[in-house]
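First the structure, in the form of structure tokens, and then the observations on it.
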Amino acid sequence: MTWHVDTTQLDRYESDALPPSGMASVEMHVTSCESCRGQVAGRADDAARARVKQALDERLDTPPAGRTERLLRLVGLGEADARIVGATLSLNWSWIAACILSLAFVVLAATVGSRGAGLAAFLVAAPLVPLVGVAVAYGPRVDPTFEIATAATLPGARIVMLRTIAVTAPAIPAIAALSVFLPAGPLAFAWLLPALGLAAASLALGTLMDLPKAAAGLSTLWLLGAGMDLADAPRTSAEGFVRGFAAFHPSGQLLFASLGAVSLLLVALRRAEFEIAR
Amino acid sequence: MDGAGEGPSDSDLLMAIADDDRTAFDLLYARHFGWLHLRLSRRCADPALVEEAVQDTFMTIWKKAGSYRAQGDVGAWVWGIGIRQLLNRMRQRKTPAWHLLVHSERLVSAEDSVLLSVEHGDLGGAIDRLSPELRAVVQATVIDGLTTREAAQVLGIPSGTVKTRMMRARQQLREALT
Amino acid sequence: MVAEGVVKRYRSTTVLDHVDLRAGQGITGLLGPNGAGKTTLLRTIATVLRPDEGRIRAFGLDPGDAAQRREIRRRLGYQPQEPGFFQSFTVLAFLDYVAILKELSGREERRREVRRVIDLVDLGAVANRKIRKLSGGMRRRVALAQALLGGPQLLILDEPTAGLDPEQRLRFREVVSQVAAEQTVILSTHQTDDVAAVCDRVVVLHEGRARFEGTPVELGDLAAGRVWLADRPDASARLSWRMGTGRHRLLGDPPAGAELVSPTIEDGYLLLVGHAANLAEEPV
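Protein chains in written order, with numbering that gives the first Met the number 0: chain H, 0 to 277; chain S, 0 to 177; chain B, 0 to 283.
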């Protein structure tokens, strides 16, 4: 650049007092000349500069909501709740998605292979999915901010419940959709009450021990029970075989429903236990 | 454009901004707010609109700093974002301001961008003697760097007309030089 | 803040054995070697852990009662030894998340408070950067910043200077001194120069027991008349080590021909905790 704008030219530019070619000259020059830009910067409207800067700082200081968070807000969750759920959600959902995918394969096997065994496998495996959801909801090994969260005022029980529901709520309908494909009528949904009962029970157990341990323990008990019952179950028909497991009897179903209700009561009474580390 | 060895260059700042550096952003803002605000104010008479456009321009710079790949002068890149932000807002508010400015005698006239790097002399006179319609078209495409279609939208004329007017403007300027 | 007779056991070990700690306004240092039980004590005071025995009161409130515990936490800030982050979060997003955990109401108020602590610890330049891209020293500052959210009256910092270089440690001391003007700060460290620099009071913890409580100067005075410089090491000394100058610093009874020097805090500390140490070990 061989020339630079001087103060007079800038004055006249600002008041539209240059001929059109001159206006263009100044403009084109200032845009690409660093020192002249500096000169203009010194003359700029300070109030406007401060206003715009403040607005920019406020916008940049506001962390943008991620996709999952926006989805949760659409469903009706408050901002704070959405943030708490969203922090671990994509990780948790990938666990759950993996489980449901495996379940889908079981269903596939059930439709092509032995009906009784396939149906039983599906019904026994399905309740484990919400248990995985509980296991990854909250706890020192699952949430990196656990220490800080415990020392903060937001109740740990709230975090546990929000995240458990956020993971279970979509999982249940997804598994139910799989149930529809099984040619077994209402029996194909016999997993539902045990699933809810076990999930609630693991939450209640979570007031005594770490959630992953509670979920793992109950899963083991469930699988052992299934294994023992089904080993002696009659193989005359698919339904007969499946009902060999007490949990899929009407009485068993009722038992799990009660277990669920009692567990939720226990959780409510002992919810302060989620606010302390062990 | 290096700053004579003192401080980071604008493209250095943009690289830092692409890496989420707030201090670099503050510095870029301090350097470019003045001229951008000034130049956009000459396009739109509504100061609130201009401020909004400037704000959105810098937000875009923050988000898109990574997409600037040493494509020449940072100022021109910033202007490209800024003028489009302003035009968007003006179109949304349907302000007649742009059209008035464009057709008025006072509007900046056009020269070829190469010619403008030279002090204005006789050529300046020739430019000043272009008719307002021709000046407007050259202003939009050459000075403000809009595409033919964008210019057509802003001026409210068909793209074909933009092209023919550009041809006529160039012809007149060439005649004035010989 | 008062802790009396705190006992905490883990399996068959007694991690804290009837520990007393009193902290008022200003900075109280918890000094001790690794494994002394500092983290356990701090976690207990921070209401994160329940003690097996003992009595803790903060602001006159009892953390054993759920409602009072919540009230204590409202006025508490805690920086754990191993702060955990959601790695993909930016600094701003993380601090905003913690602000939500602390139930700071309203988006506006949270944003202002987050900005305040970011400026306090000088993280403005990297506020929008993802935490996984930050250096260790910067992550520590983020951990400190989250403890400062909400302007707590009781600040508990677990090894806040571990892994920081001297310049970063200096900056930390500046921030903490600023904050401690009207608050109670309890910080743990195994480095005596931290204590010397900022602490009004110090408690020495060793093998689960509190061995000393007083001012840093008083800690140094424990070694008064027992610190010597000599040209050769002496087997009769309690502890000795070779210094950079080539001479030897000895703690204990004076050997022949040794020169008495005035004690530093470190000397007092070493005298307290080093007595059980193997003489073959070279304390740093």
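Don't be surprised by glycine CBs; every beta carbon is placed ideally from N, CA and C.
A straight line joining the alpha-carbon of Ala135 (chain S) with that of Asp9 (chain S) spans about 31 Å. Within the same chain, and ignoring the five residues on either side of Tyr28 (chain S) in sequence, the residues whose Cβ sits closer than 7 Å to its Cβ are Phe57.
DSSP places Gly213 (chain B) in the uninterrupted beta strand (DSSP E) bounded by Arg208 to Gly213.
Positions of the alpha helix (DSSP H) runs, each at least 4 residues long and wholly inside the stretch 248–277 of chain H, are given as 249–268 in order along the chain.
Residue contact check for Arg21 (chain S) against chain B: a CB pair falls below 7 Å. Beyond the five residues adjoining it in sequence on each side, Glu272 (chain H) comes within less than 7 Å, by CB distance, of Thr206 in the same chain, given in chain order. A straight-line Cα-Cα distance of about 19 Å links Ala66 (chain B) and Ser104 (chain B). Look at the stretch 123–136 of chain B: the residues with a C-beta under 9 Å from a C-beta of chain S are Gly123, Ala124, Val125, Ala126, Asn127, Arg128, Lys129 and Lys132. With fewer than 16 other CB atoms across the displayed protein chains lying within 10 angstroms of its CB, Asp252 (chain B) is exposed. Here the C-alpha atom of Val133 (chain H) lies approximately 32 Å from the C-alpha atom of Arg110 (chain B). DSSP places Lys212 (chain H) in the helix class (H, G or I) of the three-state scheme. For Glu3 (chain B), the three-state secondary structure derived from DSSP is strand. Under the Cβ distance rule, Arg82 (chain H) counts among the residues neighbouring chain B, one pair being separated by less than 7 Å. Within the stretch 14–49 of chain B, the complete alpha helix (DSSP H) segments of 4 residues or longer fall at 37–44, listed in chain order.
At a cut-off of 7 Å between beta carbons, Leu37 (chain S) contacts chain H. Taken in chain order, the members of the stretch 33–67 of chain B whose beta-carbon sits within less than 8 Å of a beta-carbon on chain H are Arg42, Ala45, Thr46, Val47, Leu48, Arg49 and Ala65. Three or more beta-carbon pairs separated by less than 8 Å link the stretch 257–269 of chain B to the stretch 228–240 of chain B, which places the two stretches in contact. The C-beta distance from Phe240 (chain H) to Ala232 (chain H) rounds to 5 Å, short enough to fall under 8 Å. Sorting S:Thr22, S:Glu174, S:Gln138 and S:Ala168 by C-alpha distance to the C-alpha of Glu26 (chain H) places S:Gln138 at the top. Cα atoms of Leu265 (chain H) and Ser187 (chain B): separation of roughly 38 Å, rounded to the nearest angstrom. If you compare the alpha carbons of S:Asp11, S:Lys162 and S:Ile156 with that of Ala69 (chain S), the shortest gap goes to S:Asp11. Rounded to whole angstroms, the separation of the alpha carbons of Thr61 (chain H) and Thr22 (chain S) is 17 Å. For Ala16 (chain H), the three-state secondary structure derived from DSSP is coil.
A distance below 6 Å between beta-carbons, with the five flanking residues on each side excluded, links His3 (chain H) to the following residues of its chain, in chain order: Cys35. Spanning the alpha carbons of Arg90 (chain S) and Gly41 (chain H) requires a straight line of approximately 31 Å. Chain order gives the chain S residues near Ala40 (chain H) as Ala29, Arg30, His31, Phe32, Gly33 and Trp34, where near means a beta carbon separation below 9 Å. Collapsing the DSSP output to three states places Ile156 (chain S) in coil.
Shown in chain order are the members of the stretch 47–70 of chain S whose Cβ falls below 7 Å from a Cβ of chain H: Glu50, Val53, Gln54, Phe57, Met58 and Trp61. Taking C-beta atoms as the reference points, Val1 (chain B) and Arg49 (chain B) fail to come closer than 7 Å.
Spanning the alpha carbons of Thr235 (chain H) and Leu118 (chain H) requires a straight line of approximately 14 Å. For secondary structure counted as the alpha helix (DSSP H) over 4 or more consecutive residues, the stretch 53–79 of chain S holds no complete run.
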